[in-house]
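Engineer: In mature numbering (1 follows the signal peptide of the UniProt record, and there is no 0), the protein residues as written are -20 to -1, 1 to 343. Here a beta-carbon is modelled for each residue, glycine too, at the ideal position from N, C-alpha and C. Fair warning: this is a prediction, and the values are worked out from it, not measured in the lab.
Here's what the structure looks like:
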């Protein structure tokens, strides 16, 4: 979402200690990264606790609290993506990534730009407020487009970039942007599930291996091996973690620690790994012989129909060969395709090929 230079002031709690991120980009310092990360997490904590002002302070109203509001982590890969984009000095959305945009007149220092961008984006909530209907089912309008990205409850990673530019008229400007994974501002979905901030780990059940940071009321999506360490290390030793491996998307998603892919896109309980079929047609496909190791569909079947194919105790990494039925696994696939996520240059390309094969024409 775009933004003009607007400065809103609110108190930023110090959430988290200084971190050595080891990002290759030298535009931002680690202190800058901590600053913008803490700004986001402080705002998210206020939302979770139901203490964030809803509209101008004169009315004293606050937003409803949030359950399963996740604490963000800073991601160097995300920073590299968005820094490369701000370096183009084009003040418009990429059409590929999920980002907020900010532009300031003249050349700004990095910290000042990040502060103006973040407080300006969040200032929309302080200025305009939001209704419960919009929280429950996001609908874009100019009053909420930036802060809602910052508050999107299941986004877990952020990266930001700042570039001093000269526009086509020769004027000095600064472009700043933050990108969010995975996404935000998806029409019809909740900005956050209205409820109560977490008080125990049991309250954090949106992603696997989540814990509650009680002091902030935020859930943490911990980067863990979702399979056993023995299995993950075995896959690593066989080269399945390598980006060039045909098994890489499956293994990297389930063994992010072993594959050195933290921070990761965390998995939901429905993504794993209980021995169950994920498609009601599994028995039909077994009857057609697709569970047989000689079948062209075998590797897809053992991932999709492990119960029917009786491979739960020996499940191996799967690939995505030609599928018996070309389908999308999410109703929003056509929207994401229209946003460019099927393009090979998109950060979401691998995920889209696996989950939106029909919309991406990958069948």
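1) Could you spell out where the alpha helix (DSSP H) holding residue 265 opens and where it closes?
2) Taking a contact to mean a Cβ-Cβ separation below 8 Å, would you say residue 83 touches residue 5 in this structure?
3) If you compare alpha carbons, which of 288, 316 and 197 is closest to residue 268?
4) Check whether the Cβ atoms of residue 61 and residue 158 lie closer than 8 Å to each other.
5) Measure how close the beta-carbons of residue 8 and residue 142 come, nearest whole angstrom, since I'm counting them as under 8 Å.
6) What is the C-beta distance between residue 162 and residue 131, in whole angstroms, given that I count them as a contact (C-beta under 8 Å)?
7) When you compare the CB positions of residue 32 and residue 39, do they come within less than 8 Å of one another, or not?
8) Could you give the first and the last residue of the continuous beta strand (DSSP E) run that contains residue 27?
9) What residues match up with residue 82 in a beta bridge as DSSP calls it?
10) Which runs of the beta strand (DSSP E), 3 residues or longer, sit entirely within the region 69 to 148?
11) In the region 39 to 68, which residue ranges form an unbroken alpha helix (DSSP H) of at least 4 residues, counting only runs that do not cross its ends?
12) Considering just the uninterrupted stretch of the alpha helix (DSSP H) at residue 338, what are its terminal residues?
13) On a CA-only basis, which of 179, 127 and 238 is nearest residue 199? Give me that one, please.
14) Just confirm the distance between the C-beta atoms of residue 156 and residue 94, as a whole number of angstroms; I'd bet it's less than 8 Å.
15) Which residue or residues does DSSP assign as beta-bridge partners of residue 191?
16) Got a sec, what are the start and stop residues for the alpha helix (DSSP H) residue 212 sits in?
17) Using 8 Å as the threshold, is the region 67 to 77 in touch with the region 35 to 52, meaning 3 or more CB pairs across them?
18) Note down the Cα distance separating residue 152 from residue 68, rounded to an integer number of angstroms.
19) For the alpha helix (DSSP H) containing residue 314, name the first residue and the last one.
20) Are the region 227 to 236 and the region 206 to 219 touching by the rule of at least three beta carbon pairs closer than 8 Å?
21) Skipping 5 residues on each side, what residues in its chain have a beta carbon closer than 6 Å to that of residue 211?
22) With distances taken from CA atoms, which of 10, 18, 88 and 91 is nearest residue 56?
23) Rounded to whole angstroms, what is the Cα-Cα separation between residue 284 and residue 310?
24) Tell me, to the nearest whole angstrom, how far the beta carbon of residue 176 is from that of residue 45; I am working on the premise that it is less than 8 Å.
25) What three-state label does DSSP hand residue 251 in the structure shown?
26) Once you ignore the five residues that flank residue 258 on each side, which residues in its own chain have a CB closer than 6 Å to its CB?
Structural biologist: Looking at the coordinates:
1) 262 to 267
2) no
3) The candidate whose alpha carbon is nearest that of residue 268 is 288.
4) no
5) 7 Å
6) That belief does not hold up - the Cβ atoms of residue 162 and residue 131 are roughly 15 Å apart, past 8 Å.
7) no
8) Careful: residue 27 lies outside any beta strand (DSSP E), inside the alpha helix (DSSP H) at 10 to 28.
9) Looking at the DSSP assignment, residue 82 forms a beta bridge with 156.
10) 79 to 85 and 137 to 146
11) 56 to 66
12) Taken as a continuous stretch (DSSP letters only), the alpha helix (DSSP H) holding residue 338 covers 337 to 340.
13) 179
14) 6 Å
15) 200
16) 209 to 217
17) Because the criterion of three Cβ pairs below 8 Å is not met, the region 67 to 77 and the region 35 to 52 do not touch.
18) 14 Å
19) 313 to 318
20) yes
21) none
22) 10
23) 15 Å
24) 5 Å
25) helix
26) 284
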